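Undergrad: A single structure is presented below for examination.
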Amino acid sequence: MARVVKVFRTLRNHWKKSTFAVCVLSYGGHWLHLQTLLLLFTCYHCLFQEFGRQQIEPHARLRKATVVLNPAACSGKANNLFEKNAAPILHLAGVEITIVKTDYEGQAKKLMEFMEQTDMLIVAGGDGTLQEVVTGLLRRPDQDTFSCTPIGFIPLGAHNSLSPSLHLLSDNKVKDITSATLSILRGETVPLDVLQIQGEKEQPVFALMGLRWGAFRDVAATISKYWYLGPLKTNAAHWLSSLREWPLVRDVVVSFTAPSLRPPDLPPQKPTRPNLLYRIKRRLQNYWNPPVEEPPKVEEPEEWKEQQLSTLELFVQTHNKNPVQRRLNDSLMICAEPDDFTVGEFITVGKKKEEDPTVFTKNATILEASACHLQLPEGAGGFYNIDNEEYEAMPVEVRLLPRKLQFFISAERREQLLSQTQ
Ligand SMILES: *[C@@H]1O[C@H](CO)[C@@H](O)[C@H](O)[C@H]1NC(C)=O
Ligand SMILES: *[C@@H]1O[C@H](CO)[C@@H](O)[C@H](O)[C@H]1NC(C)=O
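Set out below in structure tokens:
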């Protein structure tokens, strides 16, 4: 094991070279990504144990990592690999790695119900897989314990909305996967907000990016139908939809509560335990002068404000697009485009939203809240996109769970995001 640690240190010292090495390693085919992943985070765990040896008792329990892999998101080779290797548990350098392969929609969510405690969770898939994992995790009765379990996201899907928040992006999928894997190896994490979206009857769904409802969403869902128009397909889809119906305005009543102040960020490292003498002294002090017990906090009733919005599109989103930005409040954003677009503006804005649906025009209404209710007009059908997954539109309550989950982030991306906010 010492050797592996040494190799890892060397890699760390020659970061550029090691990135290259990993790229070459993983270029041989998609299933190799997974091997790279396993190798890398075995190294990570070796290192982890090396540094943490003082705290590890002789009979420390095995460290566990769980990988949720959606092979549909990667090439056929990965599928073959998993059919051959039926045993999904690997033991590598004292780490028990459980690989959970998901075969059908909804399975990842179910599997989360039965997952045992794990020291690290890796999600290799796209938006759909990630949402199932997060939703499955947060529906568990013991979901609180997962707030400290670091989650790694390996972008294998067609849509990976969370990737730009965590990893350096390139136009090469292999590089993106490598960068995501390296971020897990380096172990730096960032807390992300989660939205709890609750319909009247259904169980809640959890989202990391947000809930989108409106004309731009509806058109975006049809763009692929116009594939034969090549680069004109986005414009065409918007124009044709404006011919079918115009204006595309929707009315919605939004009630919301004010955001709450964000507590100061905790230091990234746990404070070291104070020495024994100090602890004894403090205990004695507490004994002679017991600290005054704080009076129980009286929960202030939430004050709901109501606003009628007439909009082309509504997006209830988190701040996870830039998770490292310093913020005063913990809040979700209710963004609503105005209702007075011309057809020309509809097409230009639609094109921009096709690249990044979270951007809003200058005249958009933006409300900050800690929770909100969406009341749709009678008979309003249609669909929401919740983190890019389609759901039937219905009245919902959206509630912010601030800094709920820890995700691995690449140090380089963190720097980039920090410099964007200055
Ligand atoms: C933070 O929230 C309070 C209400 O709780 C609001 O008055 C204030 O404007 C918010 N600050 C920012 C920077 O959004
Ligand atoms: C924003 O609103 C103002 C006034 O209502 C209007 O003059 C302006 O054209 C609008 N801008 C856009 C980009 O729609």
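Using our numbering, read the sequence shown as starting at 50 and increasing by one per residue.
Using N, Cα and C, we set each Cβ at its ideal position, and we do this for glycine too.
None of these values were measured; they are calculated from a predicted model.
#1: Return the first residue and the last residue of the beta strand (DSSP E) that Ser304 is part of.
#2: Ignore the nearest five residues each way along the sequence and tell me which others in His287's own chain have a CB closer than 7 Å to its CB.
#3: Mind checking which residues open and close the beta strand (DSSP E) that includes Tyr458?
#4: Starting from Gly279, trace the alpha helix (DSSP H) in both directions and tell me its first and last residue.
#5: Looking at C-alpha atoms only, which residue of Leu170, Gly431, Ser380, His208 is the closest neighbour of Cys197?
#6: Under 8 Å by Cβ, that's how I've got Asn369 and Leu310 pegged, so tell me the actual separation to the nearest angstrom.
#7: When every heavy atom of ligand 1 is checked, does at least one fall within less than 6 Å of the C-beta of Glu351?
#8: So, with DSSP's three-state summary, where would you put Glu464?
#9: Near Val116, what residues of its chain come up, given a Cβ to Cβ distance below 6 Å and the 5 sequence neighbours on each side ignored?
#10: On the criterion of 16 or more Cβ atoms from any shown chain inside 10 Å, does Gln103 qualify as buried, or is it exposed?
#11: Do His216 and Ser380 have their C-beta atoms within less than 7 Å of each other?
#12: How far does the beta strand (DSSP E) with Met169 in it reach, from first residue to last?
#13: Name the DSSP beta bridge partners of Ala229, please?
#14: Let me check understanding here. Comparing Cα to Cα, which of Leu205, Asn209, Leu234 lies closest to Val223?
#15: With distance defined between alpha-carbon atoms, name the residue in Leu187, Gln180, Asp242 nearest to Glu162.
#16: For a test of your reading of the model: does the CB of Leu449 fall under 6 Å from any non-hydrogen atom of ligand 1? Yes or no.
#17: Under 7 Å, do Val341 and Arg463 count as touching if we go by C-beta distance?
#18: Where does the unbroken beta strand (DSSP E) through Ile383 begin, and where does it stop?
#19: Once DSSP output is grouped into helix, strand and coil, what is the label at Val373?
#20: For a test of the three-state rule: what should DSSP assign to Gln357, helix, strand or coil?
#21: Pull up the CB-CB distance for Phe456 and Leu241, whole angstroms please, since I reckon it's below 8 Å.
#22: Going by beta carbon distance, what residues of the same chain come within less than 7 Å of Ser359, once the five residues before and after it are set aside?
#23: Look up Ala418 in the DSSP assignment and give the residues it is bridged to.
#24: Using DSSP with H/G/I as helix, E/B as strand and the rest coil, what is Arg331?
#25: Please find out if some non-hydrogen atom of ligand 1 comes closer than 6 Å to the beta-carbon of Glu417.
#26: Candidates Leu160, Val445, Val447, Glu438: which alpha carbon is nearest Asn18's?
#27: Where does Gly77 fall in DSSP's three states?
#28: Does the pairing of the segment 405-419 with the segment 280-296 give three or more beta-carbon distances under 8 Å?
#29: Have a look at the DSSP bridge pairing and note the partners of Arg448.
#30: DSSP three-state call for Asn434: helix, strand or coil?
#31: Is Phe284 near ligand 1, judged by its Cβ being under 6 Å from some heavy atom?
#32: Considering just the uninterrupted stretch of the beta strand (DSSP E) at Ala121, what are its terminal residues?
#33: So which of Thr178, Glu249, Leu257, Lys401 has the shortest CA-CA distance to Lys150?
#34: Out of Ser232, Ser212, Pro308, Thr184, point me to the one whose CA is closest to Val254's CA.
#35: Taking all protein chains shown into account, do 16 or more other C-beta atoms lie within 10 angstroms of the C-beta of Ile329, making it buried, or fewer, making it exposed?
#36: Return yes when the Cβ of Thr367 is within less than 7 Å of the Cβ of Ala385, no when it is not.
TA: A quick look at the data gives this:
#1: Looking up residue 304 in the sequence shown gives position 255. Per DSSP, Ser304 belongs to the beta strand (DSSP E) from 299-306.
#2: Here residue 287 is taken as the residue at index 238 of the sequence shown, counted from 1. So the list reads Val268, Phe395, Ile396, Gly399, once near-sequence residues are dropped.
#3: Here the question's residue 458 lines up with position 409 in the sequence shown. It should be pointed out that residue 458 corresponds to Ile in this sequence rather than to Tyr. Careful: Ile458 lies outside any beta strand (DSSP E) and carries neither H nor E.
#4: Locating residue 279 in the sequence shown gives position 230, counting from the first residue. Gly279 -> no alpha helix (DSSP H), and no H or E assigned at all.
#5: Position 148 of the sequence shown, counting from 1, holds the residue named residue 197. For Cys197, the nearest C-alpha among the options comes from Leu170.
#6: What you label residue 369 is simply residue 320 of the sequence shown in a count that begins at 1. What you label residue 310 is simply residue 261 of the sequence shown in a count that begins at 1. So it is not a contact: roughly 19 Å between Cβ atoms.
#7: Mapped onto the sequence shown, residue 351 falls at position 302. Because no heavy atom of ligand 1 lies under 6 Å away, the Cβ of Glu351 does not count as near it: no.
#8: In the sequence shown, the residue the question calls residue 464 occupies position 415. If DSSP states are grouped into helix, strand and coil, Glu464 belongs with the helices.
#9: Residue mapping note: residue 116 aligns to position 67 of the sequence shown, counting from 1. Once the five neighbours on either side are set aside, the close Cβ partners of Val116 are Ile148, Ile171.
#10: To locate residue 103, count along the sequence shown from 1; it is residue 54. Bear in mind that a pLDDT of 38 at Gln103, under 50, signals an unreliable position, so the model cannot answer this.
#11: Here the question's residue 216 lines up with position 167 in the sequence shown. Here the question's residue 380 lines up with position 331 in the sequence shown. It is not a contact, given that the beta carbons lie outside the stated cut-off.
#12: Locating residue 169 in the sequence shown gives position 120, counting from the first residue. Taken as a continuous stretch (DSSP letters only), the beta strand (DSSP E) holding Met169 covers 169-174.
#13: Mapped onto the sequence shown, residue 229 falls at position 180. The partner list for Ala229 (beta bridge, DSSP) is empty, contrary to what the question assumes.
#14: As a position in the sequence shown, residue 223 is number 174, starting the count at 1. Closest by alpha carbon: Leu205.
#15: Counting from one through the sequence shown, the residue named residue 162 turns up at place 113. Ranking Leu187, Gln180, Asp242 by Cα distance to Glu162 puts Leu187 first.
#16: Position 400 of the sequence shown, counted from the first residue, corresponds to residue 449. No, Cβ of Leu449 sits at least 6 Å from all heavy atoms of ligand 1.
#17: If you number the sequence shown from 1, residue 341 lands on position 292. If you number the sequence shown from 1, residue 463 lands on position 414. No; because the gap between Cβ atoms is not below 7 Å, this pair is not in contact.
#18: As a first step, residue 383 is located in the sequence shown; it is residue number 334 there, counting from the start. Residues 381-385.
#19: Here residue 373 refers to the residue found at position 324 when the sequence shown is read from its first residue. Here Val373 sits in coil by DSSP.
#20: In the sequence shown, counting from the first residue as 1, residue 357 sits at position 308. Reduced to three states, the DSSP call for Gln357 is strand.
#21: Within the sequence shown, the letter at position 407 stands for residue 456. Within the sequence shown, the letter at position 192 stands for residue 241. Correct: roughly 5 Å between the Cβ atoms.
#22: If you number the sequence shown from 1, residue 359 lands on position 310. Within the same chain, Ser359 has close Cβ partners Val298, Asp300, Asp388.
#23: Against the sequence shown, residue 418 aligns to sequence position 369. In the DSSP output, where bridge partners are listed per residue, Ala418 has Leu381.
#24: Within the sequence shown, numbered from 1, the residue matching residue 331 stands at position 282. Three-state result, Arg331: helix.
#25: Against the sequence shown, residue 417 aligns to sequence position 368. Yes, ligand 1 has a heavy atom inside 6 Å of this Cβ.
#26: In the structure as shown, the chain starts at 50 and stops at 471, and residue 18 therefore has no counterpart that could be examined.
#27: The sequence position of residue 77 within the sequence shown is 28, counting from 1. Here the model assigns Gly77 a pLDDT of 37, short of 50, so the residue's position is not dependable and the matter cannot be decided.
#28: no
#29: Counting from 1 along the sequence shown, the entry for residue 448 is found at position 399. DSSP lists Gln245, Ala420 as partners of Arg448.
#30: Translated into the one-based positions of the sequence shown, residue 434 becomes position 385. Here Asn434 sits in strand by DSSP.
#31: Counting from one through the sequence shown, the residue named residue 284 turns up at place 235. The sequence given here places Asn at residue 284; Phe does not occur at that position. Incorrect: Asn284 has no Cβ contact closer than 6 Å to ligand 1.
#32: Indexing the sequence shown from 1 puts residue 121 at position 72. No beta strand (DSSP E) holds Ala121; DSSP gives it neither H nor E.
#33: Counting from one through the sequence shown, the residue named residue 150 turns up at place 101. Cα-wise, what sits closest to Lys150 is Thr178.
#34: Position 205 of the sequence shown, counted from the first residue, corresponds to residue 254. Ranking Ser232, Ser212, Pro308, Thr184 by Cα distance to Val254 puts Thr184 first.
#35: Counting from 1 along the sequence shown, the entry for residue 329 is found at position 280. Label assigned to Ile329: exposed.
#36: The residue you call residue 385 lines up with position 336 of the sequence shown. The residue you call residue 367 lines up with position 318 of the sequence shown. In this structure, Thr367 does not lie closer than 7 Å to Ala385 by Cβ.
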